[in-house]
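J.: Residue numbers (mature numbering (1 follows the signal peptide of the UniProt record, and there is no 0)): -22 to -1, 1 to 585.
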Ligand SMILES: [Cu+2]
C-alpha cells in the first residue's frame, strides 16, 4: 500500500516511471525459481553463485524517472507535515524493480525549491562505479534545483534494498524508496508480498529537528532527539492520538501458503524489534546477503532491525484449524517494539500493523490477542546468520593498531554552541562544491582534515577496522561499496541498559578478546550496530576503487559528523571510471549557488 499525497500548492508530479519489458538474454528454465525451487535462477546461476565473481548479465536496461518535489502535505495519519519532499508524490517513492544482471538507469529531476539533492543506492556494491554512489560532496556535486541527473548501475547483487537522499538529513523529509532486484532465494515460498518499510515519521521537517538536535542540551550534553510523531508501516498507520484517522497497514495471507516479506528500516532514528503475534519466521537474507536457512537459528520469533538494515523473511501462513485454535478472529498484530533503554530511538509506545487471513470466517476487526512482549534485544542486531556464499577472513592479516582504531566521541563545541559526533577524532564536514572524487580528478593529493579521509593501505588484501564507542548511545554503522564481515563485537550488556551501571565501558583487549573473534564465514551485511560503550570489528576486501563513506545511519548523527571516507585503491580510480562525468553537474551546482538563490545554506556535515 503506497500512500499517495497531494502536495498543497504545487502540481502533482507526473508519474512517468517506466520499466523496460524486453525479454532477458538469459532465459530461465520453466522449472527454475518456482515455489518449490527458489534456489534456482538461470542456467549456471543459482543461490550458490558468488556474485562478486559472476553476474548473469541480461543485456537489458531498466529505466525510471523520479521527480522530487517539495511542499506541505496532509500525511497518511491525517496530520499536516511541514516541507515534505517526495518522489513522484508518494511515500515511500516508487519501488525500483529489476532482475539480477540488469542495468538500471534512474533519472532524478530536482524540483525542490531551495535545496540540492544527491541520491544514494544503499547497499549496492557499485563495483568500479563509485561515481554513481550518489553522495553529495564525496562522489558528486549535488543536483541543483531544476536540474536533472541520470544514475547508471548494474544489478550486481539481488534482494531487497532502498534508495535515499544523501544530502544532509534530507531523506528524513521523505526522500526514499525501495529497491527490489529479483534473484534466487535460500528458502522456498509461494508468494512474494514485496517490500514492507517500517519507519519513524515526524510532523516537523528534518531541518527543523536537526537544528534542535545540534544545539547543546541541559548540562552541555546532547539534546535528546524528539520522539517520532508516528511509526509508519508500508507508508501508513492510524493516528496515535485518534485511531479513527488514517489506517493500519494490513498484510493479507491465504491460510497454509508461504510468504516472503521484504522488511527494511528507513528511519532517521528509530530502531525496533519486529515481531508478529503467534508467528515465527525464517530469515533468508540480511541486507543483500542470502543466509543459510538449514540452521534452525534462522527461524526466530523477533528481529532487531537497525536503521538502514533489511531482512527478507519467510512467513508460513497458519492453517484454518490453527487460526481457529488460536481463539482469535484471524487477525494478528505486527509489532515494532523498542528496547526499553531508549538508547536506540526515543520511546514511542506500541506501534503496530495487522496480519490478516483471507478465509471464509475472516473479519476486518482488530486483533483480539495482544501477545507477549518480545524479548528486549538491547539495541543489537543478531550476528548468528551465516551467508550462503562463504567468505572466510585470513586471521593472519588481522592486526589492530592506532591507524585502524576509530574512536567515536560526542563533542560539545562551546564556541559554536553546537554538538558534534566525531569518529577518529574528526567530525566530517565535506564540501558540496569540491567532492573527494574531484580532488582525484584534478590529481590533488591533499585535502582538508575535515574531509576525514582514511586511505586503505594499498598493499593489504583485507582491511580491518576497530570502532570503539565512547558513549552509551549505540550507532548503526553503514559502509558504502562493500558488505563488511562482522569479525567481532563486545557482548551485549547484561541488563537492558536502564542505568549506567548496566552499561559498563568495554575496550577491545587484544589479549583477552582476540579469542572471541570469528574469521570463519562471519555474518556479512552493510549495516550493523556498534554497541553503546562497546566495540565492533569489521573487515572488507580492498578491491573497489573509490571514496566510500563509513558512517552512522542515524540521520542526525551523520549530519553531526559521524562518518569517515575510506579512500580505496586511489591510483586506480581514474582508470576504472570517467571522472570527467563530474564536471557538468559541478559547474551547474556552482553556477546555481553563484546566483545567490533563495538557497538553504549547509548547516551540517553535508552527508
Ligand atoms: Cu549514530
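No residue lacks a Cβ here, since even glycine has one placed at the ideal position from N, Cα and C. Since this is a predicted model, take the numbers as computed values, not measurements.
#1: Cβ-heavy atom distance between residue 530 and ligand 1 below 6 Å?
#2: Under 8 Å by Cβ, that's how I've got residue 520 and residue 443 pegged, so tell me the actual separation to the nearest angstrom.
#3: Does the region 541 to 560 come close enough to the region 495 to 511 that 3 or more CB-CB pairs lie under 8 Å?
#4: Which of the three DSSP states is assigned to residue 570 in this structure?
#5: Measure from the C-beta of residue 96 to each C-beta in chain B and report whether the shortest distance is under 7 Å.
#6: Is residue 388 near ligand 1, going by C-beta to nearest heavy atom under 6 Å?
#7: Please list, in chain order, all residues of the same chain as residue 483 whose beta carbon is under 6 Å from its beta carbon, the five residues on each side excluded.
#8: Looking only at its chain, what residues have a beta carbon closer than 7 Å to the beta carbon of residue 525, apart from the 5 residues adjacent to it on each side?
#9: Quick one: Cα of residue 180 to Cα of residue 67, how far?
#10: Taking C-beta to C-beta, are residue 601 and residue 386 nearer than 7 Å?
#11: According to the Cβ coordinates, are residue 500 and residue 464 closer than 7 Å?
#12: Looking at residue 205 and residue 321, is the spacing between their C-beta atoms short of 7 Å?
#13: Look up residue 554 in the DSSP assignment and say whether it is helix, strand or coil.
#14: Would residue 533 pass as a contact of residue 216 if the rule is Cβ separation under 7 Å?
#15: Within this structure, are the beta carbons of residue 249 and residue 227 separated by less than 7 Å?
#16: Excluding the five sequence neighbours on either side, which residues of its own chain have a C-beta within less than 8 Å of the C-beta of residue 573, listed in chain order?
#17: Under the three-state reduction of DSSP, which class applies to residue 190: helix, strand or coil?
#18: Measuring only the C-alpha atoms, how far is residue 276 from residue 21?
#19: Fully enclosed by the region 125 to 172, which beta strand (DSSP E) runs are 3 residues long or longer?
#20: Where do the ends of the beta strand (DSSP E) carrying residue 253 lie?
#21: Would you report the Cα separation of residue 172 and residue 235, rounded to the nearest angstrom?
#22: Quick one: using the 10 Å Cβ neighbour count with 16 as the cut-off for buried, is residue 219 buried or exposed?
#23: Alpha carbon to alpha carbon, how far is residue 583 from residue 370?
#24: Contact defined as beta carbons within less than 8 Å: I believe residue 138 pairs with residue 242. What is the distance between those atoms, to the nearest angstrom?
#25: Could you tell me which uninterrupted beta strand (DSSP E) segments, each at least 3 residues in length, are contained entirely in the region 74 to 135, listed from first to last along the chain?
#26: I'd like to confirm something about residue 540: is its beta-carbon nearer than 6 Å to some heavy atom of ligand 1, or not?
#27: Can you check DSSP and say which residues form a bridge with residue 18?
#28: Measure the alpha-carbon distance for residue 91 versus residue 143 and round it to whole angstroms.
#29: What is the DSSP secondary structure of residue 584, reduced to helix, strand or coil?
T.: This is what the structure holds:
#1: Here the distance from the Cβ of residue 530 to the nearest heavy atom of ligand 1 is below 6 Å.
#2: Taking 8 Å as the upper bound for CB-CB distance, residue 520 and residue 443 are not in contact here, some 12 Å apart.
#3: With fewer than three CB-CB distances shorter than 8 Å, the region 495 to 511 does not count as touching the region 541 to 560.
#4: Note: residue 570 maps to helix in three-state DSSP.
#5: No chain B appears in this structure, which consists of one protein chain only.
#6: Residue 388 Cβ: outside cutoff for every heavy atom of ligand 1.
#7: 511, listed in sequence order.
#8: If we look at residue 525 and ignore the five residues flanking it on each side, its Cβ neighbours are 108, 116, 117, 414, 415, 543, 545.
#9: Approximately 17 Å between the Cα atoms of the pair.
#10: Limits of the chain in this structure are -22 at one end and 585 at the other, which puts residue 601 out of reach.
#11: The Cβ atoms of residue 500 and residue 464 sit closer than 7 Å to each other.
#12: The beta carbons of residue 321 and residue 205 sit no closer together than 7 Å.
#13: Here residue 554 sits in helix by DSSP.
#14: No, these two residues do not count as a Cβ contact at 7 Å.
#15: No, these two residues do not count as a Cβ contact at 7 Å.
#16: When the five nearest sequence neighbours on each side are left out, no beta carbon in the same chain lies closer than 8 Å to the beta carbon of residue 573.
#17: In this structure, residue 190 counts as helix in the three-state DSSP scheme.
#18: The straight-line gap from Cα to Cα measures roughly 28 Å.
#19: Fully enclosed beta strand (DSSP E) runs of 3 or longer: 126 to 132, 137 to 143, 154 to 160.
#20: Element bounds for residue 253: 250 to 254.
#21: Rounded to whole angstroms, residue 172 and residue 235 show a C-alpha spacing of 15 Å.
#22: Residue 219 is exposed by the Cβ-count criterion.
#23: Just so you know, the alpha carbons of residue 583 and residue 370 end up roughly 35 Å apart.
#24: Correct: roughly 6 Å between the Cβ atoms.
#25: List check, beta strand (DSSP E) in window: 81 to 88, 97 to 99, 126 to 132.
#26: It does: the Cβ of residue 540 is within 6 Å (strictly closer) of some heavy atom of ligand 1.
#27: In DSSP, residue 18 forms a bridge with 24.
#28: So the alpha carbons of these two residues sit roughly 16 Å apart.
#29: Per DSSP, reduced to three states, the secondary structure at residue 584 is coil, with no helix or strand assignment.
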